[in-house]
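So the sequences go chain by chain: A and B.
Note that the numbering used here has the first sequence beginning at 2, numbered continuously upward.
Note that the numbering used here has the second sequence beginning at 1228, numbered continuously upward.
Glycine included, C-beta positions come from ideal geometry on N, C-alpha and C.
The structure displayed is predicted, hence computed values, not measured ones.
To start, the structure under review is shown below, and the notes come after it.
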Amino acid sequence: MNSVNLYDQYEAIKDHKILLSFKGAISQEVVTEFGSMIRSSLSTETNTKKIFAVFIELAQNIVRYSVEKEPSSEGNSGVGIIILREKKDFFYLSSGNLVLKDKVQKIKDRCETVNSMNKDELKAYYQEKIRNPTDADSKGAGVGLIDIARKSENPLQCEITPVDDFNSFMTLTVTFNKEIQ
Amino acid sequence: MEKIVIPKSKSSPEVIMDYENGLLEIIGESYPENSLGFYKPVYDWLNKCIQDKIQLKVNFKLNYFNTSSSKCVIDILDSLDKYYSNSGIVEINWYYEEDDDDMKETGEEFSSDLKAPFQLVYY
Chain A
2 MNSVNLYDQY
12 EAIKDHKILL
22 SFKGAISQEV
32 VTEFGSMIRS
42 SLSTETNTKK
52 IFAVFIELAQ
62 NIVRYSVEKE
72 PSSEGNSGVG
82 IIILREKKDF
92 FYLSSGNLVL
102 KDKVQKIKDR
112 CETVNSMNKD
122 ELKAYYQEKI
132 RNPTDADSKG
142 AGVGLIDIAR
152 KSENPLQCEI
162 TPVDDFNSFM
172 TLTVTFNKEI
182 Q
Chain B
1228 MEKIVIPKSK
1238 SSPEVIMDYE
1248 NGLLEIIGES
1258 YPENSLGFYK
1268 PVYDWLNKCI
1278 QDKIQLKVNF
1288 KLNYFNTSSS
1298 KCVIDILDSL
1308 DKYYSNSGIV
1318 EINWYYEEDD
1328 DDMKETGEEF
1338 SSDLKAPFQL
1348 VYY
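See the structure below:
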């Protein structure tokens, strides 16, 4: 058995809490279970609904689009990592998964587009896109990132790490201001 | 045509399709794995009602839906609106919990381009 010492990790994240951390095959079942966990652990916060909604979008994106699949798992699932952290003034929801290299630029462009928009522009863009889906790759409504940006009210962070000739690892981080109650 | 009830699950709403009374109700939360697949029977039922030119009342009583479900909700609204423009009788009610400003705003946003009668109702 490998002995585990968590002290280094504990020290590294001294100034914040980790409310949820998961790495593995994410299926609809997992999405639902963690969703209710987020709801109960944040039940006293004012923006629980927004964090829950963004969690669902990020987690379902992993189910649908992660390049990495677990062969043994039942039904649709994708491998990825999801972490929900809490600091003094913010919540951070991060998701990571493998994406095809040739999709990277498109995802980065989308993040830049939504980050360049204000509240009203995002609203108009959402309205336009939901009625006129233009993305052939999309398995949903094609407005996930727009919806996430609207709920977060902060810039989306998109980090890409090249992995091999075909894949890159994408990390999306969504920030939520803690509201003063 | 008999009344059809799709019971709610953890991630999908209860759906009531009552042909005799021209009533469609969607109640609960909607983030199924495959929204298009989930709402397919609803479109089919709605298209049948529109074809038969019956009077329709549609109640949305949702407290959360994901973006792929929102696409389905918009599609339902658009086909109701089209039916209304072709002289169909339509009434749409959008229920939201009293303190749920987001769901109220979503209702306002989704109805902004509609001509069919659309009411926001709090509960």
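- Scanning its chain for C-beta atoms nearer than 7 Å, with the 5 sequence neighbours on each side dropped, one finds around Gly1249(B) the residues Cys1276, Ile1281, Gln1282, Leu1283, Lys1284, in chain order.
- Straight-line measurement puts the Cα of Met1228(B) at about 45 Å from the Cα of Val68(A).
- Under DSSP, Val1348(B) takes part in a beta bridge, and its partners are Tyr1322(B).
- Contact note: Glu1336(B) reaches chain A through Lys124, Tyr127, Gln128, using a C-beta cutoff of 9 Å and chain order.
- Ile19(A) and Arg86(A) have their C-alpha atoms some 5 Å from each other.
- With contacts defined as CB atoms closer than 8 Å, Leu1307(B) and Gly1255(B) fail to qualify as a contacting pair.
- Sequence-distant Cβ neighbours of Ser1338(B) in its own chain, meaning closer than 6 Å and more than five residues away, are Phe1345.
- Contact of Tyr1291(B) with chain A is assigned, a C-beta pair being separated by under 8 Å.
- Below the 7 Å Cβ cutoff, chain B contributes Asn1293, Thr1294 as neighbours of Glu58(A), in chain order.
- With its beta carbon less than 8 Å from one in chain A, Tyr1258(B) belongs to the interface.
- By the C-beta density criterion, Thr33(A) is buried, having at least 16 other C-beta atoms within 10 angstroms.
- Per the DSSP secondary-structure output, Phe170(A) pairs in a beta bridge with Leu99(A), Thr162(A).
- Residues of the stretch 1302 to 1315 of chain B with a C-beta less than 7 Å from any C-beta of chain A: none at all.
- From the listed residues Ser117(A), Tyr127(A), Lys104(A), the smallest Cα separation to Pro163(A) is found for Lys104(A).
- Secondary structure in the stretch 29 to 105 of chain A: the beta strand (DSSP E) runs of 3 residues or longer, each lying completely within the stretch, are 78 to 87, 91 to 101 in chain order.
- Residue pairing for Asp148(A): DSSP places it in no beta bridge.
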